[in-house]
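Worksheet for the structure shown next.
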Amino acid sequence: MSNVSEKTLCCLPLRRGPSSPAGDRTLSEPIDVARPFRLDGKVAIVTGASSGFGARFARTLHAAGAKPVLAARRADRLEALARELPGATAAPCDVTSDRDLERLVEVTLERHGRIDLLVNNAGTTDPMPAEQESPDHFRRIIDIDLNAQYALTHLVGQVMIGQKSGNVINVASIAGLVSATPVKMASYCAAKGAVVNLTRELAVQWARKGIRVNAIAPAWFPTEMTGEMFKSDKSVAWIEANTPLGRGGREHELDGALLFLASDASSYVTGQTIVVDGGWTAR
């Protein structure tokens with residue numbers, strides 16, 4: 051458009067509405083703003099789906115028309131959630147086991163024949179000062195929060211490359227963008243920072259193969275993993291004092307970012323991390 055002169059633009063023909071004697075088409079068709087966010091028939095693997103963000107993500111994707119494949123270690127919780135979501139599949143899985151990840155992909159393909167979306171949500175943390183965190187503990191957190199994400203994405207990515215289409219959403223954290231101290235968790239921060247940049251790298255590597263890769267970075271939300279923090283008046287006061295919006299996140303407040311990235315609404319977005327933090331990182 052930069053090479054088109056203002057004079058030329060003024061001379062371009064306009065589509066005339068039905069009231070115009072020379073036209074039989076409206077100036078524009080009605081816009082269905084909800085339609086791009088639909089996921090009808092899309093097959094979506096969600097890890098860490100037995101609780102917290104994962105369970106909410108599965109419900110949200112299902113509500114938009116997707117067929118979730120629910121992955122986590124706690125089979126009873128997955129089966130209960132699958133009963134709640136018609137068409138969902140429970141696929142018990144330890145994300146640190148390569149064989150379990152292979153079986154997860156196999157089960158999904160056996161059931162649906164394709165994989166349209168992967169939500170890498172499974173993760174953990176165990177806060178402690180760095181001087182007390184052993185290298186073995188550090189490696190364990192990295193293995194769950196980073197290596198397992200890559201291992202599953204590697205497997206699913208090959209399927210998506212074969213399909214020439216696919217979408218990966220990694221769950222990062224504001225702890226991958228800024229320091230988490232006074233909550234001391236060096237391993238978690240390292241893993242989530244790596245997830246942010248892994249997202250960029252895979253997005254660029256796979257962009258011409260029809261695959262988009264993005265991430266969501268939440269701030270402090272009440273989940274099973276952060277439950278103890280939200281039971282402490284002191285911790286809640288700290289969150290409220292340091293969040294420009296004055297509170298922690300609410301369960302539904304990741305739905306919009308998830309559906310945007312999962313759907314055609316973000317068809318021209320890749321390599322990005324959407325931060326949902328009440329303004330925390332803007333300070």
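First residue of the sequence shown: 51, per our numbering; consecutive thereafter.
Don't be surprised by glycine CBs; every beta carbon is placed ideally from N, CA and C.
Exercise for review: Less than 8 Å between the CB atoms is what I'm expecting for residue 193 and residue 146, so what's the real figure, rounded?
Suggested key: Indeed they touch by this definition, with Cβ atoms about 6 Å apart.
Exercise for review: Using the Cα positions of residue 311 and residue 171, report the straight-line distance between them to the nearest angstrom.
Suggested key: So the two alpha carbons sit approximately 14 Å from each other.
Point to revise | Separation of residue 308 from residue 65, as counted between CA atoms | key: Summary for residue 65: the model assigns pLDDT 45, below 50, so the residue's position carries little reliability; its value from the coordinates is reported in the next sentence. So the two alpha carbons sit approximately 36 Å from each other.
Exercise for review: Check the C-beta distance from residue 154 over to residue 116 and give it rounded, since I have them as a contact under 8 Å.
Suggested key: The beta-carbon separation of residue 154 and residue 116, rounded to 16 Å, does not stay under the 8 Å limit for a contact.
Practice item. Look at the Cβ atom of residue 244, then the Cβ atom of residue 196, and state whether they are nearer than 7 Å. Key: Contact: yes.
Check your understanding: Name the DSSP bridge partner or partners of residue 266?
Key -> Assignment of beta-bridge partners to residue 266 by DSSP yields 221 and 324.
Check your understanding: Among residues of its own chain, excluding the 5 on either side of residue 266, which ones have a beta-carbon nearer than 6 Å to its beta-carbon?
Key -> Its chain contains 221, 307 and 324 as the residues whose beta carbon lies nearer than 6 Å to that of residue 266, once the 5 sequence neighbours on both sides are disregarded; these appear in chain order.
Exercise for review: Could you name the residues that DSSP lists as bridge partners for residue 203?
Suggested key: Partner(s): none; residue 203 has no beta bridge.
Review point. Bridge partners of residue 170, per DSSP?
Key: In the DSSP output, where bridge partners are listed per residue, residue 170 has 220.
Review point. In three-state DSSP terms, what is residue 73?
Key: The predicted position of residue 73 is uncertain, since its pLDDT is 48 and thus under 50; no value can be drawn from it.
Exercise for review: Would you kindly report the start and end of the unbroken beta strand (DSSP E) that includes residue 97?
Suggested key: In the DSSP annotation of this structure, the continuous segment of the beta strand (DSSP E) that includes residue 97 starts and ends at 93 to 97.
**Study point:** Nonlocal neighbours in the same chain, by C-beta distance under 6 Å from residue 90, ignoring five residues either side
**Key:** Once the five neighbours on either side are set aside, the close Cβ partners of residue 90 are 115.
Check your understanding: CB-CB under 7 Å to residue 242, same chain, minus the five flanking residues each way: which ones, in chain order?
Key -> Hits under 7 Å: 195, 222, 223, 225 and 226.
**Study point:** Collapsed DSSP secondary structure at residue 139 in the structure displayed
**Key:** Strand at residue 139.
Exercise for review: Enumerate in chain order the residues of its own chain whose CB-to-CB distance from residue 69 is below 7 Å, with the five nearest sequence positions on each side excluded.
Suggested key: Interpretation of residue 69 is limited by its pLDDT of 46, a score under 50 that renders its predicted location unreliable; no figure is taken from the coordinates.
**Study point:** Own chain partners of residue 151 with C-beta closer than 8 Å, once the 5 adjacent residues on each side are dropped
**Key:** Counting only residues of its own chain and dropping the five nearest sequence neighbours on each side, residue 151 has a CB closer than 8 Å to the CB of 143, 145, 198, 201, 202 and 205.
Review point. Who are residue 120's beta bridge partners in DSSP?
Key: Its beta-bridge partners are 96 and 140.
**Study point:** Where residue 148 falls, given that 16 or more other Cβ within 10 Å makes a residue buried
**Key:** By the neighbour-count rule (16 or more Cβ atoms within 10 Å), residue 148 is not buried but exposed.
Check your understanding: Can at least three beta-carbon pairs, one atom from the stretch 286 to 299 and one from the stretch 268 to 278, be found at a separation below 8 Å?
Key -> These segments touch.
Review point. Alpha carbon to alpha carbon, how far is residue 260 from residue 156?
Key: Here the C-alpha atom of residue 260 lies approximately 22 Å from the C-alpha atom of residue 156.
Point to revise | Start-to-end residues for the alpha helix (DSSP H) that takes in residue 245 | key: Element bounds for residue 245: 236 to 256.
Check your understanding: Which of the three DSSP states, helix, strand or coil, is assigned to residue 279?
Key -> The answer is helix: DSSP assigns residue 279 an H, G or I state.
Check your understanding: Just reading off the alpha helix (DSSP H) that residue 127 is part of, what are its end residues?
Key -> It spans 125 to 134 - the alpha helix (DSSP H) in which residue 127 sits, taken as one unbroken run.
Check your understanding: DSSP on residue 192, reduced to helix/strand/coil?
Key -> Correct three-state label for residue 192: helix.
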